[in-house]
Structures are given as C-alpha cells and as structure tokens.
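Asker: My questions all concern the structure below.
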Amino acid sequence: MDNSVDINSIYGDKIYEMEKVMMDAVSKLDDFRKEETEVLKEDPIEHLAYRIKSDKSMREKCRRRGISENRENALNVLTDAIGLRIVCPFRSDVYLMVKKIKESSDFEIVEEKDYIKHSKENGYRSYHMITRFEGYFIEIQLRTISMDTWAALEHQMKYKKTVNGNQELISSELKRCADSLASTDISMQTLRDLIHSMDDIEE
Numbered sequence: 075m076d077n078s079v080d081i082n083s084i085y086g087d088k089i090y091e092m093e094k095v096m097m098d099a100v101s102k103l104d105d106f107r108k109e110e111t112e113v114l115k116e117d118p119i120e121h122l123a124y125r126i127k128s129d130k131s132m133r134e135k136c137r138r139r140g141i142s143e144n145r146e147n148a149l150n151v152l153t154d155a156i157g158l159r160i161v162c163p164f165r166s167d168v169y170l171m172v173k174k175i176k177e178s179s180d181f182e183i184v185e186e187k188d189y190i191k192h193s194k195e196n197g198y199r200s201y202h203m204i205t206r207f208e209g210y211f212i213e214i215q216l217r218t219i220s221m222d223t224w225a226a227l228e229h230q231m232k233y234k235k236t237v238n239g240n241q242e243l244i245s246s247e248l249k250r251c252a253d254s255l256a257s258t259d260i261s262m263q264t265l266r267d268l269i270h271s272m273d274d275i276e277e
C-alpha cells in the first residue's frame with residue numbers, strides 16, 4: 075500500500091483505517107457464508123462486492139445535501155462512505171443473510187429498508203441496511219442476481235443523454251422488466267423449495 079496521503083482527499087489519513095474496516099466486514103460476511111454453506115450444502119451468496127465511495131462522489135453528495143465537504147460529514151453525517159453489496163441466488167438467501175447480520179454482535183443496525191417486499195416506484199428492489207461496524211458506518215445492499223442485473227442496467231441507461239426524449243417509455247419498460255424479473259425470482263424460489271421438500275421426503 076502506498077503510504078502517501080492525499081491531503082486534499084475528503085477522508086484524509088482515515089482512508090487506511092476505512093480500508094481495514096471494510097475488509098474486516100467482508101471477512102465477517104465470508105464467515106457467515108461458510109457457516110451457512112456447511113449447513114445448507116449450498117452457497118447463499120453468488121458474489122460479494124465492496125467499495126469506498128470516491129472522493130469526487132462523496133464531495134458531490136455533500137453538495138447535494140447542502141453540507142460542508144469535510145471528513146466529519148463524510149464519515150459521520152453521511153452513511154455510505156463504505157458500501158458492501160451481497161448478491162444472492164434466491165430471495166430466501168437474501169433474508170438469511172439479513173438475519174445473520176442482525177444476529178451478529180459485530181454489526182449494529184442503524185436503519186433498514188426492505189425494497190424487495192416494498193419496491194420503489196421505478197421497480198427497484200433490494201434490501202438496504204445501514205450498519206455501524208468497528209466505529210464506521212457501512213451501507214449493505216442485498217439482492218438476488220436478477221435484481222442486481224436490473225439495477226446495473228437501469229443505472230447505465232439513467233445516465234445516457236440520448237434517452238431523454240423517450241424517458242417515459244423507457245421508464246415504463248424498465249418497470250415492466252423489474253416486475254417480470256421479480257415474478258421469475260418468486261417462481262425460482264418456489265421450485266427450489268419444492269426440490270428441497272422432495273429431498274427431505276427421500277431422506
């Protein structure tokens with residue numbers, strides 16, 4: 075790791091501690107993952123992504139919120155300087171990981187919003203948690219694979235300047251696709267539950 079510090083960074087020398095805290099949280103989630111994989115004989119996580127919000131993005135967010143661009147606000151007023159995304163194969167896996175996080179003494183739950191059961195108007199679905207871990211806020215988002223795919227594509231199209239003239243049509247189609255994928259998620263969950271129930275009978 076480069077020991078030089080960008081004195082202009084909004085995080086200053088806290089960036090090194092943030093990186094350690096982020097990787098400690100990832101390690102803890104990996105422990106949960108291993109525990110449940112041993113029990114279920116299936117991995118409840120398809121992949122795990124993590125990041126520290128860039129200096130530029132954090133400064134822009136401070137400006138949007140009308141607060142000063144400083145370390146105190148970046149780390150203690152805003153809550154997403156450190157972000158983790160857990161992508162799961164099935165809806166039940168999402169709620170299993172939510173349960174593991176809530177039961178852990180390492181994570182303090184500050185706020186949670188279930189956008190899976192109560193989706194946003196545009197069709198966005200995900201489970202959001204704001205936590206405190208080792209003294210830092212960490213935003214955790216949990217999704218199924220289809221929810222993550224939809225969110226990634228929606229994000230791409232949201233910033234395409236060429237879509238402005240067809241925004242209403244595109245928004246409508248995105249909502250339709252989100253609802254269709256949600257229906258598929260439920261169907262796949264039903265099939266998984268059926269297969270598991272048959273396995274239990276055979277045993």
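So for the sequence shown, the working numbering puts the first residue at 75; every next one is plus one.
From the three backbone atoms N, C-alpha and C, an ideal C-beta is built for every residue, glycine too.
1) Please report the straight-line C-alpha distance between Lys130 and Ser142, rounded to a whole angstrom.
2) Here's the rule I'm using: 16 or more other beta-carbon atoms within 10 Å means buried, otherwise exposed. How should Met75 be labelled?
3) Measuring only the C-alpha atoms, how far is Glu213 from Ile190?
4) Helix, strand or coil: how does DSSP classify Ala218 here?
5) Using the Cα positions of Glu110 and Arg266, report the straight-line distance between them to the nearest angstrom.
6) Between Met97 and Ile126, which are expected to be in contact by the criterion C-beta below 8 Å, what is the C-beta distance as a whole number of angstroms?
7) For Thr285, write down the residues that DSSP places opposite it in a beta bridge.
8) Looking at the secondary structure, which residues open and close the beta strand (DSSP E) in which Leu152 lies?
9) Counting only beta-carbon atoms, is Trp224 nearer than 7 Å to chain B?
10) Taking C-beta to C-beta, are Lys232 and Asn196 nearer than 7 Å?
11) Quick test of your reading: Ile119 and Met171, contact by CB under 8 Å. State the CB separation rounded to the nearest angstrom.
12) Thinking C-alpha only, which one of Phe106, Lys108, Ile156, Ser178 is nearest Lys88?
Answerer: On the basis of the supplied data:
1) Rounded to the nearest whole angstrom, the C-alpha separation of Lys130 and Ser142 is 14 Å.
2) Low per-residue confidence applies at Met75: pLDDT is 38, beneath 50, and the placement is therefore not dependable, though the value from the model is reported in the following sentence. The residue in question, Met75, is exposed, as its Cβ has fewer than 16 Cβ neighbours within 10 Å.
3) Looking at the two C-alpha atoms, the distance is approximately 17 Å.
4) According to the sequence provided, residue 218 is Thr. The question's Ala does not apply to it. Assigned with DSSP and collapsed to three states, Thr218 falls in strand.
5) Each residue's CA atom was taken as its position, placing Glu110 and Arg266 some 16 Å apart.
6) At roughly 11 Å, the Cβ-Cβ gap does not stay under 8 Å, so Met97 and Ile126 are not in contact.
7) Examination of residue 285 is not possible in this model, given that the chain is present from 75 through 277 alone.
8) No beta strand (DSSP E) holds Leu152; DSSP gives it neither H nor E.
9) Although the question refers to chain B, the structure presented lacks it and comprises just one protein chain.
10) One thing to note: Lys232 has its Cβ no nearer than 7 Å to the Cβ of Asn196.
11) Contact holds; Cβ gap of about 7 Å.
12) Nearest of Phe106, Lys108, Ile156, Ser178 to Lys88, Cα basis: Ile156.
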